[in-house]
Structures are given as C-alpha cells and as structure tokens.
Amino acid sequence: FLGHGKNHKDAASVRATHPIPAACGIYYFEVKIVSKGRDGYMGIGLSAQGVNMNRLPGWDKHSYGYHGDDGHSFCSSGTGQPYGPTFTTGDVIGCCVNLINNTCFYTKNGHSLGCFFFLFLPSQSNLYPTVGLQTPGEIVDANFGQQPFVFDIEDYMREWRAKIQSTIKRFPIGDRLGEWQAMLQNMVSSYLVHHGYCSTATAFARVTDTTIQEEQTSIKNRQRIQKLVLAGRVGEAIEATQQLYPGLLEHNPNLLFMLKCRQFVEMVNGTDSEVRCFSARSPRSQDSYPGSPSLSPRHGSSNSHVHSTGADSPTCSNGVMSTKSKQSHSKYPALSSSSSSSSSSSPSSVNYSESNSTDSTKSQQHSSTSNQETSDSEMEMEAEHYPNGVLENSSTRIMNGTYKHEEILQTDESSMEDSCPQRQLCGGNHAATERMIQFGRELQILSEQLCREYGKNTVHKKMLQDAFSLLAYSDPWNCPVGQQLDPIQREPVCAALNSAILESQNLPKQPPLMLALGQASECLRLMARVGLGSCSFARVDDYLH
C-alpha cells in the first residue's frame, strides 16, 4: 500500500480476476502477511461484482471481510463483530467458502477459526477473493494453490465428499423397495439384451424372474452383426443387415453412408472381406480388435469361430449371401454392386434367411441348451488376424440365426499363433488395392446420388474427405487422419447400426440404463449451472464399477 493512510477514505481493495466457480463446492485461498505496515489495517475476504473497491472488504453490501487490526468480522456492514485473533507480519490467513452449506470460515496459520458467516447471495451473484489495505507499508502475498497451503484443505474436502456420498447412499426408498428392485433388474436386463449378451441376459432373467422382450434369435442376429463391424468386416455386416432386416439401410441413407465410408477405411486397413479375399495367405497382425470397453468388455480368452470360405476356394464373398446368386433391388447401385458381384463366386457362403425357416419350439429348445453351455465370453471380440487384420480359418454352419452346437464367430486355436507383419495398404496386395479404388469410385457415386436426393450434407462430405485422405499418405496409420484406422473408431458405427436395428423392431434404440446415466449426468450439469455446490462431490463415474 502506497497511500497516505490517514483515514478510512484512503483504503483500497483489489480482487481476483475470476470469481469463485459456482459449482466448485469448496473454494480456498490463503494470504500471507509479508508486512503489516504502519498500523496493520488489512482486510481479507470476499466481494461481489460492483462493490466499491475504495473500501476495505466487509464494509459494503455483498462484501465480507476479516480485519487484522481488531480481529473483527464485517458482513456487509460498517459495524464489525468479534470473530478471531488479530493477525500481523508472518501470519498466514486462509479463507474457505463452502458452497454446499453456504458458509465461510477463516484459518490462521493452518488452524480453523470456526464459521465466519452464512452466505445470503442471489444464485446468480459471483464472489471474488478480495484483499484490502489502508496504511503505508502493508504488503501481502496471495496463494491460490500455486504453493502448498498451510491449512489441510484436502482433509476438509474428503470429509465433505464422504458426507455427500453418504447422503446419496442413504436416499430413502420407503415402502417401494420391491418396485425399486424390479425396475433396476429390468434396466440391467434390457442393457444386456441391447448389447447382445444373450447368455448372460438369459441367466440373469432366470435368476431374477424377469422377462426378455426380444427373441433370442433376434439378439444373436444383432450380436453377429455387431461382431462383424467391430472386427472390421463392415461389408459382411452390411450384407447381413440387408438379408435379416430388408429395407433398413435404404430407409436410413445416413447410416448407409456411414457404413460404406467405414468399409472403405477397413479396406485401407486390409480387414474388409472385399480386399482380404485377394490375399493368398492370411498372416496374423497386431491390428485385430482387442475388445471394446463400451460395447464388448473383455472377459478373458475367447473361443469363437469365424465363417470362412475355405482355404481351397478363395472368394471375394463377404460370407453372408445365399448359395444361390441373387439380384439386388436396392435403389442405390453402390449399395449392392460389390455384394452382388462377389456372391456369384461364393459356393460356401451362408444364407441368413434360414433363421426364419426353423420351428420356433425347436429354436427355444436349442437356445435353452446352448445358453447353459456358454458364458459371457460370447461377446469377446474374435481374435481376427488378416494382412493388417484378416483371418483365415475353418467354416461353420448357421441354423435359426445361431451356430449349431457352437458359438457365433468362434476362432480356431491354430489362428492364435503370434506373427506381426508390417502393416501395408490393403494388406500389400495389388489386386486388393485396385478393388479398393473401384469401391472408392462407387462410394463417390453413392455420395453424389444422396446429395441429389437429399441435398448437401456437410457431415457426409467431411466423412468422405477423411476416408479418401488416407490414400494421400504412404503410411496411413501414422498420418494426420490415421486415427480413423484405430479399431476403437468402429464402435460409434456399431452402436449406430445396432440402434437402428432395434428402432426398426419398435424397441428402444438406447437401453434405459444408459438413459438413466445420461439423465443423472445432465442433472449434475444443471446443478452446477444454478450453483448447487454439492454436485462437485457427486460424480456418476464414482458409482460405475
């Protein structure tokens, strides 16, 4: 302070640039008294925006201060009240604002001085840390966390965090415990069904006496399609969707285009069957999909088998068409050009429409038997290994939408041998690269057709540009757009396709459990917006294990 300091009119205050965040819960700062100056007329506290800065904190409305010369507290008044000891050179004074119970207290040299006052401010008012000086030679140094605090604020925060969590855990349910439990069980069951955990959902329903709304055949069909997408075999997933859910993709052009763009990316990666069929051999790669934390959590080793055309008859088929060649009736030529051309040369491909030809009673008996023999590992992603992620193994047989006596997409143990070849575009095969370029032309035609029918779409344009940009680099995996080749990028595509299938069957496109989590997160955001400090100690992630 460099003023004259003759009377209170010479006082001056300074406040922090930014206010205390309304949703921080607990806010703390400390001020070290470097020198008390001539008289030690210093005030440490808080003030709202618009408060007169030519006065010590606490003297005006919406201003609060603890003064060092007399140890009095001033709460929006020129008349102080006894609060604590005086402070002088060398002392460290801390100010803690608790926005959970709207109180404030001070500390001196690491010791709490007790509750200072209760805050009575409009919800939209912001408080700023404020320091005021009045006599010459007064020097202070503020610490907002850049240095360790003298007071153990961490212990205080742990105490309040425990209080908030205890309040949540002790939330009264009353006489509705049975209804509450049934609702939670239905939410868990629907979540398992949504993501295709068929065996787990069946076992859970048996134990909790809940009802599964969707048929097991339908669940397993969705499960297979999800596995194909997560394995990078998007072409097969598209054809399976066309056969099992006719018209779904034609009525969802945005979803169709997303799938086709992802298929092109997987062609670059060498995992899509449109290009892997050109490889004479199928060495393993480090790029097989290891499992998704959100869609297919790891459950240990998997023993899934993948449908294959056989080593003696390599083919470009995606492995999902009927043994009889079909003509496509899609209104999008690019939608079926690749599948129809490949299906004619696929003597060992499988017809998914068989799922509707088996007696329902037999299906239930088979499902009951197989569910007892399987475990959660059915959703573990298969360890596929192509050139850059392509698998070569034996074929299996589908009956009623599921594999007879074996789980869907099971992988032979012989395909689990370690080998890490260098990643190359389309697996390093020239014919596969030519097929990828041809597919890119078809994708461009599809984009133009959708643009003519539905108008310009910036999302489609960006998606197409990003996919095609991979070809501009000699090493697509290490380039500015190379993140597209990361297997985790398959998850949003998989989730979108799964939701569309469920919606087409008049089922919720999102499981109620996820909606509840989303609502809880949104409630916390709204609490933060209106300044309810307790939201800072209530995180949804703390209750997810």
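In terms of UniProt numbering, the sequence shown has 353 at position 353, counting the first letter as 1, and numbering is strictly consecutive.
We put the beta carbon where it would ideally sit given N, CA and C, even for glycine.
Note that the structure is predicted; figures quoted are calculated from it, not measured.
Inter-residue spacing [alpha-carbon to alpha-carbon] between residue i and residue j
i: T88; j: L177; result: 59 Å
i: V207; j: L544; result: 22 Å
i: residue 546; j: I445; result: With the chain running from 1 to 545 in the structure shown, residue 546 is simply not present.
i: A12; j: L532; result: 32 Å
i: R15; j: Y128; result: 6 Å
i: G25; j: S534; result: 6 Å
i: P148; j: G110; result: 11 Å
i: L485; j: N269; result: 7 Å
i: G196; j: C95; result: 53 Å
i: L230; j: N126; result: 48 Å
i: K524; j: S474; result: The sequence shown places Leu at residue 524, rather than the Lys named in the question. Cα to Cα, the separation comes out at about 46 Å.
i: P476; j: N429; result: 15 Å
i: T309; j: A496; result: Unreliable placement is indicated for T309, whose pLDDT of 36 sits below 50; no coordinate value is reported for it.
i: T458; j: M258; result: 13 Å
i: W160; j: P480; result: 45 Å
i: A516; j: I219; result: 22 Å
i: T211; j: A205; result: 6 Å
i: G80; j: T135; result: 19 Å
i: P19; j: M527; result: 18 Å
i: T217; j: I437; result: 37 Å
i: A22; j: S536; result: 10 Å
i: I173; j: M267; result: 54 Å
i: Q165; j: Q185; result: 23 Å
i: G90; j: A142; result: 13 Å
Where residue i falls: helix, strand or coil (DSSP)
i: P129; result: strand
i: K220; result: helix
i: A22; result: coil
i: E159; result: helix
i: H430; result: helix
i: I212; result: coil
i: I100; result: coil
i: R441; result: helix
i: F151; result: coil
i: R539; result: coil
i: G270; result: coil
i: L113; result: strand
i: V140; result: strand
i: residue 585; result: No information on residue 585 is available, as it lies outside the stretch 1 to 545 that the chain covers here.
i: S190; result: helix
i: residue 550; result: The structure shown has nothing for residue 550, since the chain only spans 1 to 545.
i: F278; result: coil
i: K32; result: strand
i: T107; result: strand
i: Y454; result: helix
i: F171; result: coil
i: Q372; result: Model confidence at Q372 stands at a pLDDT of 38, short of 50, so the residue's coordinates are unreliable and nothing is read from them.
With 16 other Cβ atoms within 10 Å as the buried cut-off, status of residue i
i: Q519; result: exposed
i: Q243; result: buried
i: A538; result: buried
i: E434; result: exposed
i: N98; result: buried
i: P85; result: exposed
i: T17; result: exposed
i: K9; result: exposed
i: T167; result: exposed
i: K36; result: buried
i: F151; result: buried
i: N93; result: One detail in the question is off: residue 93 reads as Ile in this sequence, not Asn. I93 is buried by the Cβ-count criterion.
i: H251; result: exposed
i: M183; result: exposed
i: E154; result: exposed
i: E448; result: exposed
i: K61; result: exposed
i: C104; result: buried
Nearest-angstrom beta carbon gap, residue j and residue i [assumed within contact, 8 Å]
i: R222; j: N498; result: 6 Å
i: Y66; j: S73; result: 6 Å
i: T130; j: G45; result: 6 Å
i: F144; j: Y64; result: Between Y64 and F144 the Cβ distance is about 18 Å, and since that is not below 8 Å, they are no contact.
i: E138; j: M42; result: 6 Å
i: D175; j: V234; result: The Cβ separation is near 51 Å, so there is no contact.
i: A432; j: F278; result: 4 Å
i: K203; j: S189; result: Looking at the sequence itself, residue 203 is Ala, so the reference to Lys does not match. About 11 Å; that fails the 8 Å criterion.
i: A500; j: L255; result: 5 Å
Subject >> Segments assigned beta strand (DSSP E), at least 3 residues, entirely inside the segment 34-97 >> reply: Fully enclosed beta strand (DSSP E) runs of 3 or longer: 42-48, 63-67 and 72-75.
Original post:
Counting only runs that start and end within the segment 460-529, where is the alpha helix (DSSP H) found for 4 or more residues in a row?
Top reply: Within the segment 460-529, the complete alpha helix (DSSP H) runs of at least 4 residues are 490-504 and 512-529.
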